[in-house]
Amino acid sequence: MSFLNLEEKVGELRGKLKKAYNELLFKHGPQGWWPFVEDGEVIYHPNSYHFPKEKFEVFIGAILTQNTSWKNVEKALINLYEENLLNAEEIIKTPPQKLEDLIKSSGYYRVKAKKLKEAANFYLSLKAPPSRQALLSVWGIGKETADSILLYAYNKPFFIVDTYARRFLSSLNLIEGKEPYDRIRALVEASLEKDFRIYNEFHALIVEEMKRRVKK
DNA sequence: TTCCAGGCAATAC
DNA sequence: GTATTGCATGGA
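Using the working numbering, the letters of the first sequence correspond one by one to residues 906 to 1121.
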């Protein structure tokens, strides 16, 4: 493939992605991610890009939602809120069995309780925002969870490649579907301006769009 | 009843 | 590097 053709490919992708983003934004509106707990209920905050005062709440949600519907996670988050456990210090202090019991609705509760404690220790050791590599070194934090944290807790422009993103990009014929995580991420990140707000909305919009498509 | 949901680590090849 | 498996609840 010649250099010119490669340039054309990237240009084409850039146009298609931005168009898809604008269409989703028009269709669904700003999504107000990351959802967090306020006054005992999980809320969204469209257009404010306001994230929890406690960034660790994003760690908690991102871990609990691994291969699990967000609705099941919300119950766990509210349980933790009611026990005043939505922060790293308290997660560490809580006995494993109590933690497991509170997050039971999110599934895999034994593994996830351990993951929360690992993440809490990591979080408290931070003196600056973590790198992607540092996050990935934590037991229980994989690529998608790391990118969710970087994007929604630290406002870094990372594209989250989840099952919805794969299906969405496949439906646009931009990927085949089974490409490695980082290849897809690099492809999108090379084609969008480095504005965290776009990545914030895009990921949330893709989730919303694909959830609705499934229901039909 | 089966199938899936905002994955990850361990293991085997 | 890719393929498979255990982890577990709640809703459709």
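A virtual CB, placed ideally from N, CA and C, is assigned to each residue, including glycine.
For clarity, every value in this text was computed on a predicted model and none was experimentally measured.
Legend entry - Top-ranked residue by Cα proximity to D1087, from L1056, Y1059, K1048, S953: Here residue 1087 is taken as the residue at index 182 of the first sequence, counted from 1. Comparing Cα-Cα distances from D1087 to each of L1056, Y1059, K1048, S953, the minimum goes to K1048.
Legend entry - Own chain residues within Cβ distance below 6 Å of Y1059, not counting five before or after: Counting from one through the first sequence, the residue named residue 1059 turns up at place 154. Excluding five sequence positions before and after Y1059, the CB atoms of its chain that fall closer than 6 Å to its own CB belong to P1034, given in chain order.
Inset, instruction - Could you check how far apart the C-beta atoms of I1054 and A1025 are, in whole angstroms? I think they sit under 8 Å. - result: Residue numbering aside, residue 1054 sits at position 149 when the first sequence is read from its first letter. Residue numbering aside, residue 1025 sits at position 120 when the first sequence is read from its first letter. Not quite, the Cβ-Cβ distance comes to about 13 Å (not below 8 Å), so this is no contact.
Legend entry - Three CB pairs or more closer than 8 Å across the stretch 940-959 and the stretch 994-1008: Flag = no, the stretch 940-959 and the stretch 994-1008 do not touch.
Legend entry - Three-state class that DSSP yields for S907 in the structure shown: One-based indexing of the first sequence puts residue 907 at position 2. Confidence is the limiting factor: at S907 the pLDDT is only 46, short of 50, which leaves the residue's position unreliable, though a coordinate-based value still follows. In this structure, S907 counts as coil in the three-state DSSP scheme.
Legend entry - Given I1111 as reference, the closest of E917, F1073, R1015 once Cα atoms are compared: Locating residue 1111 in the first sequence gives position 206, counting from the first residue. That would be F1073, whose Cα lies nearest to the Cα of I1111.
Inset, instruction - Count the other C-beta atoms from every protein chain shown that fall within 10 angstroms of the C-beta of V1066, then say buried if there are 16 or more, exposed otherwise. - result: What you label residue 1066 is simply residue 161 of the first sequence in a count that begins at 1. Buried.
Inset, instruction - Give the secondary structure of V947 by DSSP, where H, G and I count as helix, E and B as strand, and everything else as coil. - result: Mapped onto the first sequence, residue 947 falls at position 42. Residue state, collapsed to three classes: strand.
Inset, instruction - Within its chain, find whatever has a CB closer than 8 Å to the CB of L1041; leave out the 5 residues flanking it on each side and keep chain order. - result: Here residue 1041 refers to the residue found at position 136 of the first sequence. Excluding the 5 residues flanking it on each side, L1041 has same chain C-beta neighbours closer than 8 Å at G1047, K1048, A1051, in chain order.
Legend entry - Residue of I983, F1107, L1021 minimising C-alpha distance to P1062: Stepping through the first sequence from its first residue, residue 1062 is reached at position 157. Shortest Cα-Cα distance from P1062 to any of I983, F1107, L1021 involves F1107.
Inset, instruction - Mind reading off the beta-carbon distance from W975 to Y1057? Whole number of angstroms is fine, and I expect it under 8 Å. - result: Here residue 975 corresponds to residue number 70 of the first sequence, with the count starting at 1. Here residue 1057 corresponds to residue number 152 of the first sequence, with the count starting at 1. Not really, about 13 Å apart at Cβ, beyond 8 Å.
Inset, instruction - Select from R1117, V942, H933 the residue whose C-alpha is nearest the C-alpha of I983. - result: For this step, residue 983 is matched to residue 78 along the first sequence. I983 has its Cα closest to that of V942, out of R1117, V942, H933.
Inset, instruction - Check the DSSP bridge columns for K942 and list the partner residues they point to. - result: The residue you call residue 942 lines up with position 37 of the first sequence. A quick correction: the sequence has Val, not Lys, at residue 942. V942 is bridged by DSSP to V947.
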